[in-house]
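Some notes on the structure that comes next.
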DNA sequence: ATAACGTACAACCAACCGGTTGTACGTTGT
DNA sequence: ACAACGTACAACCGGTTGGTTGTACGTTAT
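Protein chains in written order, with UniProt numbering: chain X, 1 to 135; chain H, 1 to 135.
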């Protein structure tokens with residue numbers, strides 16, 4: 001039912017609204033009640049409550065009941081999962097670069113011995129950044 | 001005009017659709033013409049062309065004209081910027097944890113000398129993961 | 001007891017989104 | 001020359017989104 005792509009849809013959709021991103025920042029930094037959050041924004045309580053619900057459905061935030069208050073808390077593991085997804089995209093790109101290197105190497109081999117028709121462009125080793133992670 | 005939050009809106013909105021994420025994967029792995037991309041999906045050319053336009057407006061992809069074809073290529077730096085944003089969120093969370101540690105330390109100091117009313121819960125050092133980055 | 005507070009949810013509305021078809025225009029192949 | 005290809009964009013349509021107000025209900029404070 002809710003496969004990886006569904007979860008990704010929910011994650012990125014939840015993060016695509018600036019109010020929700022701001023709410024997520026606050027609840028990652030510490031627990032806040034929904035009404036406390038609502039007081040921070042120039043919109044109705046119901047609107048903020050809906051934003052919190054979207055973040056909760058996406059799994060980026062969890063709620064805990066304490067008396068009449070609902071305390072929201074950010075889930076850093078979910079945030080990391082989103083980050084991991086981006087890292088996978090980077091990996092695809094790195095694959096492209098190494099494939100380009102192979103191509104260059106092949107071309108170099110070809111024109112090393114028989115000086116033939118293929119026109120030569122100024123050769124330069126394709127620069128690949130060290131596999132750094134986000135930060 | 002287009003500040004950080006506007007860019008973030010565009011990034012996450014662009015990534016919130018699975019077809020667009022798939023397109024981004026392909027163009028990060030290598031250049032593809034718009035019509036080549038369109039052939040990969042069960043929808044009209046116009047629909048795919050719109051998805052490419054959304055990714056382009058978000059800065060996640062660039063297009064290069066070659067004759068009648070428009071060759072799309074993924075921008076890995078933009079992907080990294082999105083990842084960096086997630087890392088900033090993690091940093092906020094780490095801040096919360098250290099603040100919690102301070103609180104525990106304070107409590108420990110308080111009940112160390114005067115054995116008073118505040119009830120004691122089984123104490124355990126708050127475990128903070130090593131500041132690993134995504135990957 | 002009862003007023004105030006915090007939450008949840010339904011109904012409504014304008015704007016936006018993801019898809020469609022149709023048209024136009026430059027490029028390439030025959 | 002002309003047909004086919006690749007692209008871009010406009011107009012349209014149903015579903016979704018982000019906001020609103022209103023209602024209901026449990027919890028806390030007076």
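For glycine and all other residues, C-beta sits at the position ideal for the given N, C-alpha and C.
Going along chain H in order, which residues have a C-beta closer than 7 Å to the C-beta of residue 12 of chain X?
The residue you call residue 12 of chain X lines up with position 12 of the first chain. Per Cβ cutoff of 7 Å: 12, 15 and 16.
Show which residues of chain H have a CB atom less than 9 Å away from the CB atom of residue 8 of chain X.
Here the question's residue 8 of chain X lines up with position 8 in the first chain. Residues of chain H passing the Cβ test: 15, 16, 18 and 21.
Just how far apart, CA to CA, sit residue 70 of chain X and residue 20 of chain H?
By one-based count along the first chain, residue 70 of chain X stands at place 70. By one-based count along the second chain, residue 20 of chain H stands at place 20. Their backbone Cα atoms lie some 36 Å apart in a straight line.
Name the DSSP beta bridge partners of residue 33 of chain X, please?
Here residue 33 of chain X corresponds to residue number 33 of the first chain, with the count starting at 1. Partner(s): X:71.
Looking only at its chain, what residues have a beta carbon closer than 6 Å to the beta carbon of residue 38 of chain H, apart from the 5 residues adjacent to it on each side?
Looking up residue 38 of chain H in the second chain gives position 38. Within the same chain, residue 38 of chain H has close Cβ partners 45 and 48.
Excluding the five sequence neighbours on either side, which residues of its own chain have a C-beta within less than 6 Å of the C-beta of residue 17 of chain X, listed in chain order?
Position 17 of the first chain, counted from the first residue, corresponds to residue 17 of chain X. So the list is empty, once near-sequence residues are dropped.
Taking 6 Å as the limit between beta carbons, can you name the residues of its chain near residue 11 of chain H, skipping five residues before and five after?
On the second chain, residue 11 of chain H is found 11 positions in, with the first residue counted as 1. Excluding residues within five positions, the ones whose Cβ falls inside 6 Å are 58 and 82.
Does the CB of residue 39 of chain X have a neighbour CB from chain H at under 8 Å?
Stepping through the first chain from its first residue, residue 39 of chain X is reached at position 39. False, the Cβ-Cβ gap to chain H never drops below 8 Å.
Under 8 Å, Cβ to Cβ, is there at least one residue of chain H near residue 92 of chain X?
Along the first chain, one-based indexing puts residue 92 of chain X at 92. Interface residue, yes.
Which residues in chain X sit within 8 Å of residue 56 of chain H, going by Cβ to Cβ distance?
Looking up residue 56 of chain H in the second chain gives position 56. Those within 8 Å of residue 56 of chain H in chain X number zero; the least Cβ separation is about 16 Å.
For the beta strand (DSSP E) containing residue 15 of chain X, list its first residue and its last residue.
As a first step, residue 15 of chain X is located in the first chain; it is residue number 15 there, counting from the start. Counting along the chain, residue 15 of chain X falls outside any beta strand (DSSP E), though it belongs to the alpha helix (DSSP H) covering 4-15.
Roughly how far, in whole angstroms, is the beta-carbon of residue 74 of chain H from the beta-carbon of residue 27 of chain H, given that I think they are within contact range, below 8 Å?
On the second chain, position 74 is the one that residue 74 of chain H refers to. On the second chain, position 27 is the one that residue 27 of chain H refers to. Rounded, the Cβ-Cβ distance is 4 Å, consistent with contact.
Compare the C-alpha of residue 90 of chain X against each of H:88, H:90, H:79 and H:94 and name the closest.
Taking the first chain and counting its residues from 1, the one referred to as residue 90 of chain X is at position 90. When only C-alpha atoms are compared, the closest one is H:79.
With distances taken between CB atoms, is the gap from residue 60 of chain X to residue 24 of chain X smaller than 8 Å?
Locating residue 60 of chain X in the first chain gives position 60, where the first residue counts as 1. Locating residue 24 of chain X in the first chain gives position 24, where the first residue counts as 1. The answer is yes: Cβ separation under 8 Å.
Leaving out five residues before and five after residue 43 of chain H in sequence, what residues of the same chain have Cβ atoms less than 8 Å from its Cβ?
Here residue 43 of chain H refers to the residue found at position 43 of the second chain. Excluding sequence neighbours, residue 43 of chain H sits near 19.
Residue 5 of chain X versus chain H: which residues are under 7 Å apart at the beta carbon?
Here residue 5 of chain X refers to the residue found at position 5 of the first chain. Near residue 5 of chain X (Cβ distances below 7 Å), the residues of chain H are 18.
Neighbour flag for residue 64 of chain X against chain H, beta carbons, 8 Å:
Taking the first residue of the first chain as 1, we reach residue 64 of chain X at position 64. Chain H contact via Cβ: absent.
If the cut is a Cβ gap below 7 Å, which residues of chain H does residue 74 of chain X touch?
Translated into positions along the first chain, residue 74 of chain X becomes position 74. In chain order: 93.
Residue 76 of chain X: which of X:30, X:9 and X:4 sits nearest, CA to CA?
The residue given as residue 76 of chain X occupies position 76 in the first chain. Residue 76 of chain X has its Cα closest to that of X:30, out of X:30, X:9 and X:4.
Label residue 15 of chain H either buried or exposed according to how many other C-beta atoms from any shown protein chain fall within 10 Å of its C-beta, with 16 as the threshold for buried.
Locating residue 15 of chain H in the second chain gives position 15, counting from the first residue. Residue 15 of chain H should be labelled buried.
With a cut-off of 8 Å, does the C-beta of residue 79 of chain H fall near any C-beta of chain X?
Locating residue 79 of chain H in the second chain gives position 79, counting from the first residue. It does; some Cβ of chain X falls within 8 Å.
Out of curiosity, what's the CA-to-CA distance linking residue 22 of chain X and residue 50 of chain X?
The residue you call residue 22 of chain X lines up with position 22 of the first chain. The residue you call residue 50 of chain X lines up with position 50 of the first chain. Using only the alpha carbons, I get a separation of about 14 Å.
Within a Cβ cutoff of 6 Å, which residues of the same chain sit near residue 64 of chain H, ignoring the five residues on either side of it in sequence?
Numbered from its first residue, the second chain carries residue 64 of chain H at position 64. If we look at residue 64 of chain H and ignore the five residues flanking it on each side, its Cβ neighbours are 71.
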